[in-house]
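Notes to accompany the following structure.
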Amino acid sequence: MALAAAEPGGVSSAIPQKDVTKLIVATSIGNALEWYDIAVYGYFAIFVSKAFFPNEDQTASLLLTLGTFGLSYLARPIGGVVLGAYADRFGRKASLMVSIVMMTFGTLAVAVMPGYATIGILAPIAVILARLLQGFSAGGEFGSSTAFLVEHMPHRRGFVASWQFASQGLSTLLAAGFGAWLTSAMSPADLQSWGWRIPFLFGLPAAKNESVVTRVFAEQKLRVLLGIGAIAVTTSVNYLIVYMPTYVVKTLKLPPSVGFQAALAAGIAVTVLPPIAGMISDRIGRTTHMIAFCLLLLVSAFPAFLILTRTPTPMVIILVVLCLGTMKALYFGPLAALMSELFPPVTRGTGLGLSYNIGVTVFGGMSPVTMAWMGSFAFFGNLAPGYYITLCGIVSLCALVTIRRTKADDGFA
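For the sequence shown, the residue numbers in our numbering are 30 to 442.
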């Protein structure tokens, strides 16, 4: 059986069924390496802060590091629009290649950058520029790769697009796995001196534009807003997982290995479960499935952190993060398909790139620094992540209910 492969301008060509598996594997591996490259900075934030943002006040140094993590996400909507429009005109593969090259340069810069002790103020400035380049690159990757997948397998969009997020789970496994290994195998001095650079080096192998962009902004603003809202709760949990090694050390006063082990457990869930959730959504509908798990996250996030902060043992931390990661994974699975169905093929790359990257910028990239900042207030304290995820859950629930009620022309409900 041949499937329709959409080319720029909506022209389709047939591809053999057997090639679909190769497409999923190739796109998923590329997506995993892209997300690994941009997320590993957050996992090793404590070590990066000491290398590039030294400060007598350790909290201020960490906030600068996490702020730089969040700052890179400001470039993502721009990358989403520019590279998404490029994909809509010149093809998904061409845009993906540009994204991969830019991500490689950004990651290499962080991996080999001399520290503050060697080159002074140039070190943090160069790291910020490298992170902006990574953010721009990642901004274009999601829209291009998701459109590429769903247009090759339109009758199973939920399943095929779910691999976008399963592959992000793989990036979590890689980054957290490196953290768990390095913190147990290296001395703290060696890890701070040079060991933290190893995970960055590992990631290295790895119509007219204007008219498309104008059409998205002029005619599809609601679709963009709904896509942003739908991603809020899942991306907030994702960057909570990224933040866990820091939260465990700074807030719970435990070894960083505990945070990495918890993230590793969540990474397994986020790798394995999205395709299952995607297949279920193909049968019962995207919003039916996602509303159920959004409600589950909404009512469980705050109690989970109550348990975690009152009984901060390694096993409890790992179980709580695993539970949150499992619910996130089951919500996550159909999300790429839902968002792709919000936009027609001619603007899909641009619309996906814009809505996805604004969503992860507002609710994801800024999450670690926001949670760290909230935690500095007595009212929120150690429960700041629980409050934050609850708020994001309300945003996503409102978006999903609106999508279900709207049932726009693509039949995405």
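Think of the CB as a built atom: it goes at the ideal place given N, C-alpha and C, for glycine as much as any other residue.
Keep in mind the model is a prediction, meaning the values are calculated, not measured.
Use the C-beta contact count for Q193: other C-beta atoms within 10 angstroms, 16 or more gives buried, fewer gives exposed.
Buried: at least 16 other Cβ atoms inside 10 Å.
Check for me: the alpha helix (DSSP H) holding P106 runs from which residue to which?
105-119
For N411, the first and last residue of its enclosing alpha helix (DSSP H):
No alpha helix (DSSP H) contains N411, which DSSP labels as neither H nor E.
CB of F299 within 7 Å of CB of T201, strictly
It should be pointed out that residue 299 corresponds to Val in this sequence rather than to Phe. Their beta carbons are under 7 Å apart, which means V299 touches T201 by this criterion.
H318 (DSSP reduced to helix, strand or coil)
helix
Nearest-angstrom Cα separation, counted from I75 out to L161:
20 Å
If you run the structure through DSSP and keep just helix, strand and coil, what is M368?
helix
Proximity of I270 and A295 at Cβ, strictly below 7 Å:
Using a Cβ distance threshold of 7 Å, I270 and A295 count as a contacting pair.
Should the segment 282-293 be regarded as contacting the segment 339-352, the criterion being three or more beta carbon pairs within less than 8 Å?
Under the three-pair Cβ rule at 8 Å, the segment 282-293 counts as touching the segment 339-352.
How would you call Q492, buried or exposed, if buried means at least 16 neighbouring beta carbons within 10 angstroms?
Outside the displayed range of the chain (30 to 442) lies residue 492, so it cannot be described from this structure.
Tell me the rounded alpha-carbon separation between S216 and F361.
37 Å
Rounded to a whole number of angstroms, what is the C-alpha to C-alpha distance between S405 and T275?
14 Å
Please check the pair A330 and T419, which I expect to be a contact at CB under 8 Å, by giving their CB distance rounded to whole angstroms.
5 Å
Would I432 and T338 be called neighbours here (beta carbons separated by less than 7 Å)?
Their beta carbons are not under 7 Å apart, which means I432 does not touch T338 by this criterion.
Output needed for I423: all residues of its chain with C-beta closer than 6 Å, excluding positions within five of it in sequence on either side, in chain order.
none
Name the residue from K79, T280, V301 whose alpha carbon lies nearest to the alpha carbon of T147.
Here the closest residue by C-alpha is K79.
Per-residue burial, T55 [other beta carbons within 10 Å of its own, 16 or more giving buried]:
Note that residue 55 corresponds to Ala in the displayed sequence, not to Thr. With fewer than 16 other Cβ atoms within 10 Å, it is exposed.
Let me confirm a value: R312 is counted as buried when at least 16 other C-beta atoms fall within 10 Å, else exposed. Which label applies?
exposed
Take S222 as the anchor and find which of A68, P143, E180, P304 has the nearest alpha-carbon.
P143
Quick check on this structure: which residue in A140, V328, A68, F177 has the alpha carbon closest to the alpha carbon of R118?
Cα-wise, what sits closest to R118 is F177.
Euclidean distance between Cα positions of L429 and F188:
19 Å
Tell me the DSSP secondary structure of K357 in three-state form.
Of the three classes helix, strand and coil, the one that applies to K357 here is helix, per DSSP.
Tell me which same chain residues have a C-beta within less than 8 Å of the C-beta of V345, skipping the five on either side of it?
I336, L337
Taking 7 Å as the cut-off, decide whether the C-beta atoms of F231 and T136 are in contact.
no
Buried or exposed: D66, going by 16 or more other Cβ atoms within 10 Å of its Cβ?
Around the Cβ of D66, a 10 Å sphere holds 16 or more other Cβ atoms; the residue is buried.
I'd like the list of long-range same chain contacts for A116, defined as Cβ closer than 6 Å, with 5 residues on each side in sequence excluded.
S124, S173, G378
Is the Cβ-Cβ distance between R226 and A366 less than 7 Å?
no
Could you check what DSSP says for S384 in three-state terms: helix, strand or coil?
helix
At what residues does the alpha helix (DSSP H) containing R160 begin and finish?
151-179
Take every Cβ of the segment 389-402, pair it with every Cβ of the segment 96-103, and state whether three or more of those distances are shorter than 8 Å.
yes
For a test of the three-state rule: what should DSSP assign to T431, helix, strand or coil?
helix
Only counting the same chain, and skipping five residues up and downstream in sequence, which positions put a Cβ closer than 6 Å to that of L203?
Y65
Which word fits T94, buried or exposed, when buried means at least 16 other C-beta atoms lie within 10 angstroms of its C-beta?
buried
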